[in-house]
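Shown next, in structure tokens, is the structure this report addresses.
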Amino acid sequence: MFIDAAVAASEQAEGLSMMGAANAYSLLREGMLVTAMGEVPPLTVEQFAAAMQLSGSL
């Protein structure tokens, strides 16, 4: 899991990315860009990213 401050809309890449055996899924959550990545099926990284809940300050 990676969490980063959201950047300009033109630079954001939401959705699924595939890099060899690794899959990554990114989405905007509460003004932050959340990315889940791993050598797991695409649906798994999507579900991990969607389940992330941010609390407190980063």
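FYI, in the numbering used here the residues of the sequence shown are 6 to 63.
C-beta: ideal position from N, C-alpha, C; glycine also.
These numbers were taken from a predicted model, which means no experiment stands behind them.
Item: From what residue to what residue does the alpha helix (DSSP H) around Leu48 run?; Value: Pro47 to Ala56
Item: By Cβ distance, which residues of its chain are closer than 8 angstroms to Ala27, with the 5 residues on each side in sequence left out?; Value: Met42, Gly43 and Glu44
Item: Could you spell out where the beta strand (DSSP E) holding Gly20 opens and where it closes?; Value: Gly20 to Met24
Item: So, at 8 angstroms on beta carbons, what are the nonlocal neighbours of Val12 in its own chain, with the 5 sequence-adjacent residues on each side left out?; Value: Leu38
Item: Candidates Ser60, Ala54, Gln58 and Gly61: which alpha carbon is nearest Tyr30's?; Value: Ala54
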